[in-house]
Amino acid sequence: MSVLKIIRLVVLAIAVIGAFVAIPEAALIMAVLGLVMGVMADNSNRTYMIVFAVTLATVSGAAGPLPLIGGPVSDIMANMSTIMNAAALGIILNAMKERVME
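For the sequence shown, counting from 1, position 58 maps to 68 in the working numbering; every step adds exactly one.
Below, the structure written as C-alpha coordinates:
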(Lines of atoms letter the chains of each structure in order from A and count residues from 1; the text may use other names and numbers.)
(Lines give C-alpha, C1' and ligand atoms only; values in the text may rest on other atoms or scores of the structure.)
Protein backbone atom coordinates (compact mmCIF):
# COMPACT_ATOMS: atom_id res chain seq x y z
CA MET A 1 0.00 0.00 0.00
CA SER A 2 1.44 3.36 -1.02
CA VAL A 3 1.93 6.30 1.33
CA LEU A 4 -0.55 8.39 -0.64
CA LYS A 5 -3.23 5.72 -0.29
CA ILE A 6 -2.66 5.59 3.48
CA ILE A 7 -2.94 9.39 3.66
CA ARG A 8 -6.21 9.26 1.70
CA LEU A 9 -7.64 6.69 4.13
CA VAL A 10 -6.56 8.77 7.13
CA VAL A 11 -8.09 11.87 5.53
CA LEU A 12 -11.40 10.10 5.03
CA ALA A 13 -11.34 8.80 8.61
CA ILE A 14 -10.59 12.26 10.02
CA ALA A 15 -13.38 13.83 7.94
CA VAL A 16 -15.97 11.28 9.07
CA ILE A 17 -14.90 11.03 12.71
CA GLY A 18 -14.56 14.81 12.95
CA ALA A 19 -18.21 15.17 11.98
CA PHE A 20 -19.30 13.28 15.09
CA VAL A 21 -16.53 13.90 17.65
CA ALA A 22 -14.65 17.07 18.53
CA ILE A 23 -11.01 16.50 17.57
CA PRO A 24 -8.51 18.91 19.15
CA GLU A 25 -6.70 20.93 16.48
CA ALA A 26 -8.81 19.26 13.77
CA ALA A 27 -8.41 22.17 11.34
CA LEU A 28 -4.62 22.01 11.63
CA ILE A 29 -4.59 18.24 11.14
CA MET A 30 -6.85 18.50 8.09
CA ALA A 31 -4.80 21.33 6.59
CA VAL A 32 -1.49 19.49 7.01
CA LEU A 33 -2.87 16.24 5.60
CA GLY A 34 -4.41 18.13 2.69
CA LEU A 35 -1.16 19.93 1.91
CA VAL A 36 0.77 16.66 1.97
CA MET A 37 -1.81 15.02 -0.24
CA GLY A 38 -1.65 17.91 -2.71
CA VAL A 39 2.14 17.98 -2.87
CA MET A 40 2.26 14.21 -3.41
CA ALA A 41 -0.41 14.25 -6.15
CA ASP A 42 0.78 13.08 -9.53
CA ASN A 43 0.15 15.08 -12.70
CA SER A 44 -2.82 12.95 -13.77
CA ASN A 45 -4.82 13.77 -10.60
CA ARG A 46 -4.07 17.47 -10.22
CA THR A 47 -6.95 18.82 -12.30
CA TYR A 48 -9.39 16.36 -10.74
CA MET A 49 -8.37 17.37 -7.22
CA ILE A 50 -8.68 21.11 -7.91
CA VAL A 51 -12.12 20.68 -9.50
CA PHE A 52 -13.14 18.45 -6.57
CA ALA A 53 -12.02 21.15 -4.10
CA VAL A 54 -14.08 23.83 -5.84
CA THR A 55 -17.11 21.56 -6.07
CA LEU A 56 -16.94 20.55 -2.40
CA ALA A 57 -16.67 24.18 -1.33
CA THR A 58 -19.78 24.96 -3.37
CA VAL A 59 -22.05 22.09 -2.33
CA SER A 60 -20.83 21.15 1.15
CA GLY A 61 -23.88 22.62 2.89
CA ALA A 62 -26.50 21.39 0.44
CA ALA A 63 -27.53 18.40 2.55
CA GLY A 64 -28.21 20.56 5.63
CA PRO A 65 -32.00 20.78 5.23
CA LEU A 66 -32.43 17.00 5.04
CA PRO A 67 -33.97 15.65 8.23
CA LEU A 68 -31.85 13.37 10.42
CA ILE A 69 -28.89 12.92 8.07
CA GLY A 70 -28.42 16.48 6.78
CA GLY A 71 -26.25 17.75 9.61
CA PRO A 72 -23.71 14.92 9.67
CA VAL A 73 -23.48 14.74 5.87
CA SER A 74 -22.90 18.50 5.68
CA ASP A 75 -20.25 18.27 8.41
CA ILE A 76 -18.43 15.45 6.59
CA MET A 77 -18.51 17.39 3.32
CA ALA A 78 -17.29 20.56 5.09
CA ASN A 79 -14.37 18.61 6.57
CA MET A 80 -13.53 17.14 3.16
CA SER A 81 -13.77 20.63 1.67
CA THR A 82 -11.20 21.89 4.18
CA ILE A 83 -8.86 19.03 3.32
CA MET A 84 -9.29 19.34 -0.43
CA ASN A 85 -8.80 23.11 -0.34
CA ALA A 86 -5.49 22.52 1.42
CA ALA A 87 -4.66 19.86 -1.18
CA ALA A 88 -5.43 22.36 -3.96
CA LEU A 89 -3.09 24.82 -2.29
CA GLY A 90 -0.39 22.13 -2.19
CA ILE A 91 -0.92 21.40 -5.89
CA ILE A 92 -0.68 25.08 -6.77
CA LEU A 93 2.48 25.58 -4.69
CA ASN A 94 4.05 22.47 -6.21
CA ALA A 95 3.18 23.64 -9.74
CA MET A 96 4.70 27.04 -9.02
CA LYS A 97 7.86 25.39 -7.73
CA GLU A 98 8.08 23.23 -10.86
CA ARG A 99 7.67 26.31 -13.10
CA VAL A 100 10.42 28.19 -11.28
CA MET A 101 12.80 25.21 -11.36
CA GLU A 102 12.49 24.72 -15.15
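Glycine included, C-beta positions come from ideal geometry on N, C-alpha and C.
Keep in mind that this is a model prediction, so the values were computed, not measured.
Determine, for residue i, whether the minimum Cβ-Cβ distance to residues of chain D falls below 8 Å.
{"i": "residue 69", "result": "Structure shown: chain D not included; a single protein chain is present."}
Return the CA-CA distance between residue i and residue j, expressed in angstroms with no decimal places.
{"i": "residue 43", "j": "residue 112", "result": "27 Å"}
{"i": "residue 36", "j": "residue 86", "result": "13 Å"}
{"i": "residue 56", "j": "residue 109", "result": "15 Å"}
{"i": "residue 63", "j": "residue 98", "result": "7 Å"}
{"i": "residue 32", "j": "residue 38", "result": "13 Å"}
{"i": "residue 81", "j": "residue 61", "result": "24 Å"}
Taking all protein chains shown into account, decide if residue i is buried (16 or more other Cβ within 10 angstroms of its Cβ) or exposed.
{"i": "residue 23", "result": "exposed"}
Of all the options the options, which has the alpha carbon lying nearest to the alpha carbon of residue i?
{"i": "residue 88", "options": "28, 107, 57 and 18", "result": "28"}
{"i": "residue 92", "options": "65, 107 and 14", "result": "65"}
{"i": "residue 20", "options": "61, 67, 40 and 48", "result": "40"}
{"i": "residue 45", "options": "33, 67, 80 and 14", "result": "14"}
{"i": "residue 69", "options": "30, 83, 102 and 38", "result": "83"}
{"i": "residue 101", "options": "80, 53 and 76", "result": "53"}
Answer yes or no: do residue i and residue j have a C-beta to C-beta separation smaller than 8 Å?
{"i": "residue 49", "j": "residue 95", "result": "no"}
{"i": "residue 72", "j": "residue 59", "result": "no"}
{"i": "residue 106", "j": "residue 25", "result": "no"}
{"i": "residue 17", "j": "residue 47", "result": "yes"}
In terms of residues, what are the limits of the alpha helix (DSSP H) holding residue i?
{"i": "residue 87", "result": "80–111"}
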